[in-house]
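Below is one structure; the comments refer to it alone.
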Amino acid sequence: MTITATAKPGNSLLSPDNHALVLIDYQSQMAFATKSIAPELLRNNAALVSRAAASFKVPTILTTVAEKSFSGPMFSEVTDPFPGQKLLDRTSMNTWEDEAVIAEVNRIAKPRIVFAGLWTSVCIVGPVASAIDQGFEAYVITDASGDISTEAHERAVQRMIQLGAVPITALQYLLELQRDWARSETYDSTTGIAADVGGAYGLGIKYAKTMFGASEGGH
Numbered sequence: 001m002t003i004t005a006t007a008k009p010g011n012s013l014l015s016p017d018n019h020a021l022v023l024i025d026y027q028s029q030m031a032f033a034t035k036s037i038a039p040e041l042l043r044n045n046a047a048l049v050s051r052a053a054a055s056f057k058v059p060t061i062l063t064t065v066a067e068k069s070f071s072g073p074m075f076s077e078v079t080d081p082f083p084g085q086k087l088l089d090r091t092s093m094n095t096w097e098d099e100a101v102i103a104e105v106n107r108i109a110k111p112r113i114v115f116a117g118l119w120t121s122v123c124i125v126g127p128v129a130s131a132i133d134q135g136f137e138a139y140v141i142t143d144a145s146g147d148i149s150t151e152a153h154e155r156a157v158q159r160m161i162q163l164g165a166v167p168i169t170a171l172q173y174l175l176e177l178q179r180d181w182a183r184s185e186t187y188d189s190t191t192g193i194a195a196d197v198g199g200a201y202g203l204g205i206k207y208a209k210t211m212f213g214a215s216e217g218g219h
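Start counting the sequence shown at 1; every next residue gets the next number (my numbering).
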């Protein structure tokens with residue numbers, strides 16, 4: 001059998017218009033006990049994801065748990081890219097059991113949902129398992145999520161993969177949304193985000209631009 005290739009992206013790839021993003025419980029109290037990832041890296045990667053979603057106008061839900069009574073404010077790195085957006089505060093550990101969140105999921109009406117937040121084994125597994133059970137596709141940004149131990153985080157990721165979730169990383173999320181350096185309308189934003197919070201890759205962008213005036217894709 002002959003298979004003919006075409007210059008088209010795979011259906012499983014993320015694009016700005018084919019998914020919603022749900023960012024969960026990036027809060028002080030949740031971060032204090034997170035040990036599977038360094039807090040500065042967690043905040044960096046959460047910023048990368050948030051800024052990417054805002055840049056590409058991905059419909060995004062920001063949700064907290066017991067914000068005023070226990071868990072504290074959401075990271076400014078997450079809220080700043082979405083000025084004025086309401087945070088949906090919950091009592092339920094499982095975001096998917098909150099009526100206000102589900103109303104927003106249904107309003108956005110995307111069959112594919114990307115999740116990230118704290119903690120992986122409770123507040124991410126719960127909605128991921130629930131969404132998959134109801135027929136949604138679920139992606140999890142694993143390096144923008146964390147748990148009380150590496151063991152807890154890794155077992156949670158394994159469990160979600162077994163359920164059918166797709167693991168991705170924060171920088172991967174940004175670059176998958178861009179995907180083509182010829183997309184000039186988001187080129188500066190994407191490289192700017194990467195330069196600020198894209199780790200060693202971002203340092204490389206800054207170095208190349210400063211030293212040689214270089215750019216991705218020959219721009």
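Glycine included, each C-beta is placed from N, C-alpha and C at the ideal position.
- Residue pairing from DSSP leaves GLN134 without any beta-bridge partner.
- Excluding its 5 nearest sequence neighbours in each direction, VAL125 has C-beta neighbours in its own chain below 7 Å: ALA156, ARG159, MET160, listed in chain order.
- Sixteen is the threshold: when 16 or more other Cβ atoms of the shown chains lie within 10 Å of the Cβ of MET74, as they do, the residue is buried.
- Ranked by how close their Cα comes to the Cα of GLY198, the residues ASP80, GLU97, VAL22, ALA52 have ALA52 in first place.
- As a beta-bridge residue in DSSP terms, ASP89 pairs with THR64.
- One Cα belongs to LEU163, the other to GLY204, and the distance between them is close to 37 Å.
- Under DSSP, VAL140 forms a beta bridge with PHE115, PRO167.
- For GLY146, DSSP records a beta bridge to LEU118.
- Between SER215 and LYS209 the beta-carbon gap is near 7 Å, inside 8 Å, which marks them as a contact.
- In the three-state DSSP reduction, MET74 falls in the strand class (E or B).
- Rounded to the nearest angstrom, the gap between the Cα atoms of CYS123 and LEU21 is 15 Å.
- Pairing LEU23 with LEU48 gives a Cβ-Cβ distance that is not under 8 Å.
- Comparing C-alpha distances from SER69 to each of LEU13, ARG112, GLY146, SER28 shows the shortest one belongs to SER28.
- Of the residues assessed, ASN44 falls on the buried side of the cut-off, its CB having 16 or more other CB atoms within 10 angstroms.
- Cβ contact annotation for TRP119 (same chain, cutoff 6 Å, sequence separation greater than five): ASP147, in chain order.
- Close CB contacts of ASP196 within its chain, under the 7 Å cut and outside five residues either way in sequence, are with GLY202 (chain order).
- By alpha-carbon distance to LYS110, the top candidate from GLY84, ALA194, LEU88, TYR139 is TYR139.
- DSSP, reduced to helix, strand and coil, places VAL58 outside both helices and strands of the structure shown, so it counts as coil.
- No Cβ-Cβ contact shorter than 8 Å links ARG107 with HIS19.
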